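Novice: Below is a structure I'd like to ask you about.
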Amino acid sequence: MFNTVTPHNYSAQTASFDSKNKRSVNKEWTVFTFEWDVESLLRQLRNSSSNQRNARFSWKAPDNSASHRSSSNGEEFIALGKLHALKATGERRFHDLAQAEQSLRGKTHFVNFRTNQDAAVPFIVGGAAFHHFNIDPTWSAFGSTQFILPRLVVGKDDKGQGYLRFTLPSKEADAWLGQIQNTVGSKRDTFLEERLEQTLQSEGFDLHEELYSTEGDTTDLVNETMSLRERLQYAASQQKKAWISRFEKAIDALQHSSITKVVLARQAKVRGVTSQERAHLQRSLQERYQNCIHFCVEPTSSASFFGATPERLLRLQGQQLHIDALAGSRSRGKTSVEDQELAHDLLHADKDAMEHDIVKRQILEVLDPFSKQLRYPSSPLLKALPNVQHLHTPIEAELEHSTSVFDLIAQLHPTPAVGGYPKADALGVIEQMEPQNRGWYAGIVGWVSEQGDADIAVSIRSASHIKDTLTLYAGCGLVEGSIPEQEWDETYVKLAPFLEAAEDVAHV
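Residues 112 to 619, numbered by the working numbering, are exactly what the sequence shown covers, in order.
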């Protein structure tokens, strides 16, 4: 059974509800936000079975990264349903999205019953593919760029405060307002609990079902002859000769052009993977890689894209901007001594320093025209994950003016960390060398609030599950001096989170 969830103290706010919160006649949508104890509900939504009928989007940021400047309890939410979609393609897709988002915001009325009304919570959620042009038909449910207006968001903000956010056509909003104004105490709680139950059921979640459990029954989770981990390991080890051939051609392109870096990606595909396996894989990633941003985009019940990314493209809070420059890597050591040796080598390797500097320099060049002030450490730091450690430069900017997050994305994406430098030339090499379209791998994923605040991640360390095919993605940055065997090994290290998580799937 789903546990009872209770609202927090909004009666005083509702009592002072006045005409400023009444629906505007020209508004198409109304968004209601309430304080709510969501801990058990979030847990049960994550772990329950469902007959998904519409889009679903989940997000979980680590405690130490929701804000670079202050401590935080971490953000988490699950968004259900799709009432409206903002879509765009082509070279101007993010600029077009900025206009579409502004238009949607103008057509939406926001009614906020939270004590902390300044805390940013999702208004639209979504992401975009790596390339701007129409992507492979396999990714048709995702599109080139798509952000959606969800029907329901269940979440916690960056202070750990729970909330429910309902969106409905404004023509239906007056009835809600009347009920909220004219009921008090437990009657009002009951009204909202009923609305929550109805909304969840309409999206395929039964409040009265038993939680999904695989205890004692793993027949659907393991191939008759090979476990999921064994299948993934086999797929990850294939096509090495072909990949090294592409590597050598890419290095040749670097040597005969102005390109200083290009990122070459590869894929590992496994068929016959069930939705239950995918769900277990995702949960295991969250448990193993808690200092990453976890996301899952599910435009339909048969298509999902999920991952545990260490890289934030940007976090926008008012005119304060935080960006991660992440490039250069080593595996983690098997002992503390080996780990320290690898870290020391990474911090002092010329090749990695050059690769990282290219990424940092390009980000700073993009931000300079927008910014009053830029702040970043003089030397890169280490960002250590369970399987790999990266050179990391956190960059803080104070913007000159309020700027649309999508206009910033248009300038930043793709950074040299996932594309190369110079951008246009590197993308040309990628299009020639990579045999398969990247889809949303190395694209962007995240959310935007009605105030224009946003959290956008780079969708690396990711996988797609479309129908019954699970595809893992990994890439590495090639610069002068790159060695093919080492770069191949680096991509394997970046696939390791999924291989490790698959081991957990075999034991559920």
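All residues carry an ideal CB built from backbone N, CA and C; glycine is no exception. Bear in mind the structure is a predicted one, so any value in this text is a computation, not a measurement.
So, does the stretch 360-378 touch the stretch 531-546, judging by three or more C-beta pairs under 8 Å?
Specialist: The stretch 360-378 vs the stretch 531-546: in contact.
Novice: Just to confirm, are Ile189 and Trp558 a CB contact at a threshold of 9 Å?
Specialist: Not a contact, by the Cβ cut-off of 9 Å.
Novice: I need the boundaries of the beta strand (DSSP E) containing His455, first residue and last residue.
Specialist: Segment 447-459 is the alpha helix (DSSP H) holding His455; no beta strand (DSSP E) there.
Novice: Alpha carbon to alpha carbon, what distance is there between Ser251 and Ser415?
Specialist: Distance between the alpha carbons of Ser415 and Ser251 is about 12 Å.
Novice: Comparing C-alpha positions only, which one of Val232, Ala239, Gly266 sits nearest to Glu187?
Specialist: The option with the nearest alpha carbon to Glu187 is Gly266.
Novice: Which partner residues does Asp377 have in the DSSP bridge list?
Specialist: Just to set this straight, residue 377 is Arg in the shown sequence, not Asp. Its beta-bridge partners are Ala585.
Novice: Which residues in the same chain as Arg486 place their Cβ atom closer than 7 Å to its Cβ, once the five residues preceding and following it in sequence are excluded?
Specialist: Result list for Arg486: Glu507, in chain order.
Novice: With DSSP as the reference, identify every bridge partner of Glu409, one or two as the case may be.
Specialist: Arg167, per the DSSP bridge assignment.
Novice: Can the beta-carbon of Thr193 be found less than 9 Å from the beta-carbon of Pro261?
Specialist: Looking at the sequence provided, one finds Lys at residue 193 rather than Thr. Contact flag set, yes.
Novice: Rank Leu156, Asp566, Ile571, Gln257 by C-alpha distance to the C-alpha of Ala419 and give the top, closest one.
Specialist: The shortest Cα separation from Ala419 among Leu156, Asp566, Ile571, Gln257 belongs to Ile571.
Novice: Taking DSSP as the reference, what is the three-state secondary structure of Glu283?
Specialist: In the structure shown, Glu283 sits in a helix (DSSP, three-state: H, G or I).
Novice: Hey, how far is the Cα of Ala346 from the Cα of Val381?
Specialist: Spanning the two alpha carbons is a distance of roughly 7 Å.
Novice: Under 8 Å, with one C-beta from each stretch per pair, do the stretch 392-404 and the stretch 419-439 reach the 3-pair mark?
Specialist: Taking 8 Å as the limit for Cβ pairs, the verdict is that the stretch 419-439 does touch the stretch 392-404.
Novice: Quick one, are the C-beta atoms of Thr371 and Val516 less than 9 Å apart?
Specialist: The answer is no: Cβ separation not under 9 Å.
Novice: Does Ser324 pass the burial test, meaning 16 or more other C-beta atoms within 10 Å, or should it be called exposed?
Specialist: Only weak support exists for where Ser324 lies, its pLDDT of 37 falling under 50; the coordinates are left without a value.
Novice: Tell me whether Phe402 sits in a helix, a strand or coil according to DSSP, three-state version.
Specialist: Going by the sequence as given, residue 402 is Asn instead of Phe. Note: Asn402 maps to coil in three-state DSSP.
Novice: With three or more C-beta pairs closer than 8 Å as the rule, is the stretch 278-296 touching the stretch 196-204?
Specialist: At 8 Å Cβ cutoff, the stretches do not touch.
Novice: When we look at the beta-carbon of Leu492 and count the other beta-carbons within 10 Å, is it buried (16 or more) or exposed?
Specialist: Exposed is the call here.
Novice: Which value, in whole angstroms, describes the spacing of the CA atoms of Asp518 and Thr446?
Specialist: So the alpha carbons of these two residues sit roughly 45 Å apart.
Novice: Please report the straight-line C-alpha distance between Ser573 and Ala585, rounded to a whole angstrom.
Specialist: Roughly 8 Å separates the two Cα atoms.
Novice: Per the contact definition of three or more C-beta pairs closer than 8 Å, is the stretch 590-601 in contact with the stretch 551-567?
Specialist: Cβ pair count under 8 Å is below three, so no.
Novice: DSSP three-state call for Ile594: helix, strand or coil?
Specialist: It is coil, neither helix nor strand.
Novice: Could you name the residues of the same chain whose beta carbon sits closer than 8 Å to that of Glu452, not counting the 5 residues immediately before and after it, in chain order?
Specialist: For Glu452, where only same-chain residues beyond five positions count, the Cβ hits under 8 Å are Gly444.
Novice: Check whether the Cβ atoms of Lys171 and Gln397 lie closer than 9 Å to each other.
Specialist: Yes, the pair counts as a contact, with Cβ atoms nearer than the cut-off.
Novice: What are the boundary residues of the alpha helix (DSSP H) that includes Trp354?
Specialist: Looking at the DSSP string, the run of the alpha helix (DSSP H) that includes Trp354 is 351-366.
Novice: Determine the closest residue to Thr301 out of Val142, Trp147, Ala607, with distance taken between C-alpha atoms.
Specialist: The option with the nearest alpha carbon to Thr301 is Trp147.
Novice: State the DSSP-derived secondary structure class of Thr514, mapped to helix, strand or coil.
Specialist: Residue state, collapsed to three classes: coil.
Novice: Output needed for Gln290: all residues of its chain with C-beta closer than 6 Å, excluding positions within five of it in sequence on either side, in chain order.
Specialist: Contacts found: Phe302.
Novice: Compare the beta carbon distance of Ser413 and Ile246 with 9 Å and say whether it is the shorter of the two.
Specialist: No, the Cβ-Cβ distance between Ser413 and Ile246 is not below 9 Å.
Novice: Which residues mark the beginning and the end of the beta strand (DSSP E) in which Ser440 is found?
Specialist: Element bounds for Ser440: 431-442.
Novice: May I ask which residues mark the beginning and end of the beta strand (DSSP E) holding Glu146?
Specialist: 140-146 is the span of the beta strand (DSSP E), which, as asked, contains Glu146.
Novice: Can you tell me where the alpha helix (DSSP H) holding Asn227 begins and where it ends?
Specialist: No alpha helix (DSSP H) holds Asn227; DSSP gives it neither H nor E.
Novice: Using DSSP's beta-bridge definition, name the partner residues of Thr219.
Specialist: Bridge partners of Thr219: Trp140.
Novice: Using the rule of at least 16 other Cβ atoms within 10 Å of the residue's Cβ for burial, across every protein chain shown, is Ala535 buried or exposed?
Specialist: The residue is exposed, with fewer than 16 neighbouring Cβ atoms inside 10 Å.
Novice: Given a threshold of 16 other Cβ atoms within 10 Å of its Cβ, counted over all protein chains shown, does Ala528 qualify as buried or as exposed?
Specialist: It counts as buried.
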